[in-house]
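Chemist: Residue numbers (the working numbering): 17 to 340.
Quick look at the structure:
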């Protein structure tokens with residue numbers, strides 16, 4: 017559906033009538049632009065916008081299908097930018113993925129958002145309160161949208177770091193509360209994060225450096241370069257989290273193996289101690305008569321004493337060896 021659409025001229029918002037008529041008027045005047053915001057559009061809804069703006073069919077196909085990899089394409093003098101949006105769910109520590117696609121033309125911008133992550137209403141409101149930024153045209157919108165998405169990456173980066181620190185403390189403190197599936201789930205969320213942020217590095221590099229991009233102004237490049245720096249820092253953190261989680265998972269599995277070995281040694285020690293009185297009881301429980309000590313008055317206590325001394329000796333030996 018169309019969430020919002022407006023004409024912006026001299027940094028001010030104005031009513032938007034028929035899209036093709038408004039665009040033709042803006043091109044004749046050589047100033048201003050149209051900004052159309054779509055949220056989870058159907059094929060029919062997107063077709064209405066496409067008929068008016070005559071977008072490139074390949075870009076339209078990607079926008080309709082969705083689930084695209086972050087990228088930057090140039091079609092007929094306009095830019096088509098795909099970005100992955102992310103939302104951190106505090107209750108489950110999961111990361112939900114969405115998508116934003118930008119059609120940036122000479123005097124129009126179309127934003128297509130899929131999913132609930134990273135709403136753009138705040139971006140539009142912020143720009144409308146900064147007329148000096150809107151005067152820079154469609155590139156100002158592209159910059160603000162990308163900057164908002166990358167800023168959200170940094171927020172999720174902090175959340176992932178806290179989750180990793182918590183699991184790391186639990187694992188190396190010997191706590192039995194942490195389980196391998198929880199480590200694996202966090203590693204999977206880090207990979208989900210990387211699928212969104214890592215491929216975006218190349219499109220941002222092109223926006224900051226490629227002199228062949230249509231409509232790109234030299235004064236805008238430092239701003240895109242600043243976003244690129246933020247993204248590269250986030251990507252470095254994600255790579256570090258991925259490696260650390262692998263090490264933490266291996267350490268956790270090693271701890272489980274050591275704990276199992278310790279448990280087996282303790283069980284073996286107790287079995288060995290139980291074997292001595294069992295053996296003695298088995299021998300003296302037989303129907304033998306030619307055993308002189310059976311006829312002693314205190315033979316019962318002698319046998320118990322022998323068993324106690326044997327068990328105590330084994331217990332001390334196992335304690336010294338670390339088995340108990």
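Don't be surprised by glycine CBs; every beta carbon is placed ideally from N, CA and C.
(1) Between the beta-carbon of residue 99 and the beta-carbon of residue 216, is there less than 8 Å?
(2) Does the beta-carbon distance from residue 126 to residue 69 come in below 8 Å?
(3) Would you call residue 240 buried or exposed, if buried means 16 or more other Cβ atoms sit within 10 Å of its Cβ?
(4) Buried or exposed, going by whether 16 or more other CB atoms sit within 10 Å of the CB of residue 205?
(5) Sorted by chain position, which residues of the same chain lie with C-beta nearer than 6 Å to residue 93's C-beta, five sequence neighbours on each side aside?
(6) So, using beta-carbon positions, are residue 134 and residue 116 closer together than 8 Å?
(7) How is the alpha helix (DSSP H) around residue 36 delimited, first residue to last?
(8) Below 8 Å CB to CB, which residues in the same chain sit around residue 254 once its five sequence neighbours on both sides are set aside?
(9) Would you say the stretch 78 to 86 touches the stretch 153 to 161, given that touching needs at least three Cβ pairs under 8 Å?
(10) Measure the C-alpha to C-alpha separation of residue 40 and residue 46 and round it to an integer number of angstroms.
(11) Could you check which residue in 48, 257, 282 and 268 has the C-alpha nearest to that of residue 151?
(12) Going by DSSP, what residue range makes up the beta strand (DSSP E) through residue 112?
(13) Span of the alpha helix (DSSP H) holding residue 171?
(14) I need the straight-line Cα distance from residue 202 to residue 256, nearest angstrom please.
(15) Name the two residues that bound the continuous alpha helix (DSSP H) containing residue 203.
(16) Round the Cβ separation of residue 53 and residue 20 to the nearest angstrom and send it over; I've been treating them as touching at under 8 Å.
(17) When we look at the beta-carbon of residue 280 and count the other beta-carbons within 10 Å, is it buried (16 or more) or exposed?
(18) Which stretch, first to last residue, makes up the beta strand (DSSP E) that contains residue 136?
Modeler: According to the structure shown:
(1) Along the chain shown, read from residue 1 onward, the residue named residue 99 stands at position 83. Along the chain shown, read from residue 1 onward, the residue named residue 216 stands at position 200. For the 8 Å CB-CB criterion, residue 99 and residue 216 form a contact.
(2) Your numbering for residue 126 matches position 110 in the chain shown. Your numbering for residue 69 matches position 53 in the chain shown. In contact: residue 126 and residue 69 (Cβ atoms closer than 8 Å).
(3) In the chain shown, counting from the first residue as 1, residue 240 sits at position 224. Buried: at least 16 other Cβ atoms inside 10 Å.
(4) What you label residue 205 is simply residue 189 of the chain shown in a count that begins at 1. It counts as buried.
(5) Along the chain shown, read from residue 1 onward, the residue named residue 93 stands at position 77. Excluding sequence neighbours, residue 93 sits near 230.
(6) If you number the chain shown from 1, residue 134 lands on position 118. If you number the chain shown from 1, residue 116 lands on position 100. Yes; because the gap between Cβ atoms is below 8 Å, this pair is in contact.
(7) As a working mapping, residue 36 is identified with position 20 in the chain shown. Per DSSP, residue 36 belongs to the alpha helix (DSSP H) from 35 to 45.
(8) Sequence index remark: in the chain shown, residue 254 carries index 238 (1-based). These residues qualify, in order along the chain: 173, 176, 206, 209, 210, 213 and 214.
(9) no
(10) If you number the chain shown from 1, residue 40 lands on position 24. If you number the chain shown from 1, residue 46 lands on position 30. For residue 40 and residue 46, the distance between alpha carbons rounds to 10 Å.
(11) What you label residue 151 is simply residue 135 of the chain shown in a count that begins at 1. Considering only alpha carbons, the answer is 48.
(12) Position 96 of the chain shown holds residue 112. Its beta strand (DSSP E) spans residues 110 to 120.
(13) If you number the chain shown from 1, residue 171 lands on position 155. Unbroken alpha helix (DSSP H) run through residue 171: 154 to 188.
(14) In the chain shown, residue 202 corresponds to position 186, counting from 1. In the chain shown, residue 256 corresponds to position 240, counting from 1. The straight-line gap from Cα to Cα measures roughly 13 Å.
(15) Along the chain shown, one-based indexing puts residue 203 at 187. For residue 203, the uninterrupted alpha helix (DSSP H) segment begins and ends at 196 to 213.
(16) In the chain shown, the residue the question calls residue 53 occupies position 37. In the chain shown, the residue the question calls residue 20 occupies position 4. With 8 Å as the limit, residue 53 and residue 20 qualify as a contact, their Cβ atoms being about 4 Å apart.
(17) On the chain shown, residue 280 is found 264 positions in, with the first residue counted as 1. With fewer than 16 other Cβ atoms within 10 Å, it is exposed.
(18) On the chain shown, residue 136 is found 120 positions in, with the first residue counted as 1. Looking at the DSSP string, residue 136 is not in any beta strand (DSSP E), and its letter there is neither H nor E.
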